[in-house]
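As structure tokens, the structure follows; a few thoughts come after it.
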Ligand SMILES: [Zn+2]
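Residue numbers (our numbering): -4 to 112.
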């Protein structure tokens, strides 16, 4: 059985990044944060990309199908929580696929909890 939470993301998963798993695991039109990656040779979830969705995490994950083998996610009630989770994971894991610091949505004055950007 696959071990979970070895990376300490606080996210659920990993699940295959495929239509069936996304449909089964995610709620429609709900904010959330996610990590994409793969299971390495030691059985750990290795993160290649992190992101968040302010309105519809399910649709956003669908758009990533084909770019990674697996995903983890967590739904949040508030957009801001999803953004802050994305920032925390960006600083903690420095994924190879994230070239830039997460940007806050237009009109929001939130700051990153780690670096105050
Ligand atoms: Zn930051």
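A virtual CB, placed ideally from N, CA and C, is assigned to each residue, including glycine.
For ligand 1, I want to know if residue i counts as a neighbour, meaning its beta carbon is within less than 8 Å of at least one of the ligand's heavy atoms.
| i | result |
| --- | --- |
| residue 111 | yes |
| residue 66 | no |
| residue 94 | no |
Taking only the alpha-carbon atoms, compute the straight-line gap between residue i and residue j and give it to the nearest angstrom.
| i | j | result |
| --- | --- | --- |
| residue 4 | residue 39 | 12 Å |
| residue 50 | residue 36 | 35 Å |
| residue 9 | residue 70 | 14 Å |
| residue 64 | residue 31 | 8 Å |
| residue 90 | residue 83 | 12 Å |
| residue 22 | residue 55 | 12 Å |
List the residues that DSSP assigns as beta-bridge partners of residue i.
| i | result |
| --- | --- |
| residue 70 | 27 |
Taking the CB atoms as reference points, tell me whether residue i and residue j lie closer together than 9 Å.
| i | j | result |
| --- | --- | --- |
| residue 12 | residue 94 | no |
| residue 16 | residue 47 | no |
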